[in-house]
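The structure appears below as structure tokens.
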Amino acid sequence: MSDCAFLFPGQGAQVLGMGRDLAEAYPEARNLLERAETHLRVPLGKIMFDGPEERLNEDFSAQVAVYTVSCMVTEVLAARGLRAAAMAPYSSGLYAAAYAAGSLGFEAGLTLMHEADSCIRRHNGSGAMGVVLGLSADQVAELCTQVPGEVEVSIINTHHQIIVSGQPSSVTALLEKA
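Residue numbering for the sequence shown follows my numbering, beginning at 961 and increasing consecutively.
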């Protein structure tokens, strides 16, 4: 245990070349990457290292790439005696934080991410999301009650950056009202 905290990013932190130095320098990192490729049956290393960038930026590729690199960093640090006293995930970074905490096996995290992606794909097009800037979560929640259909606060990014989700027409109506 140490006095430090680990922060785990979510989708959006991906960049071409990510994880290459780790995989080349540390066997424990390379091992996790190989396990991810075997489990997913996807050339994740090639996608992360060489792209194409459009493929890396696809939702599922981005999420498993960020997860895998976060877990690689966790293992490299752990092998050198550094473990976090606290962990803070953002968005899909929760899977890597659960792995780092010992609450989730590496492959189980990949499976959960795959299942979540499959669920989203099955319902693709039936919902919408939008961002409201400058209002509090309570103010946005009140606006949700004033538009027809289903819309609700789904993510509170900051005190004044609120994500809403729901039926497309309801999300549009709320954003116009905000």
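A virtual CB, placed ideally from N, CA and C, is assigned to each residue, including glycine. Bear in mind that the values here come from a model prediction, so they are computed numbers and not experimental data.
Comparing alpha carbon positions, the residue from VAL1113, ASN1117, HIS1119, ILE1007 closest to VAL1131 is VAL1113. Judged by their CB atoms, ALA1048 and GLN971 are not nearer to each other than the 8 angstroms cut-off. Rounded to the nearest angstrom, the Cβ distance from ALA985 to ILE1007 is 20 angstroms, too far for a contact under 8 angstroms. Three or more beta-carbon pairs drawn from the segment 1082-1099 and the segment 1119-1133 are found closer than 8 angstroms, and the two stretches are therefore classed as touching. Going by beta carbons, GLY1011 and ALA983 fall outside the 8 angstroms limit. Here the C-alpha atom of TYR1027 lies approximately 12 angstroms from the C-alpha atom of LEU1064. According to the DSSP assignment, THR1105 belongs to no alpha helix (DSSP H), since it is labelled neither H nor E. Around the beta-carbon of GLY977, fewer than 16 other beta-carbon atoms lie within 10 Å, marking it exposed.
Listed as beta-bridge partners of GLN1121 by DSSP are LEU1093, THR1118. The segment 985-999 makes contact with the segment 1029-1036; the number of CB pairs closer than 8 angstroms reaches 3 or more. Going by C-alpha positions, LEU1072 is about 15 angstroms away from ARG1082. For ASP963, the closest of ALA1046, ALA973, HIS1119 by C-alpha to C-alpha distance is ALA1046. Within a 10 Å sphere around the beta-carbon of ALA1039 sit fewer than 16 other beta-carbons, which makes this residue exposed. Contact check for LEU1135 against CYS1104 fails: the beta carbons are separated by 8 angstroms or more. The alpha-carbon of TYR1050 is positioned some 15 angstroms away from that of HIS1119. Judged by DSSP in its simplified three-state form, MET1047 adopts strand. Secondary structure at GLU1112: strand, using DSSP grouped into helix, strand and coil.
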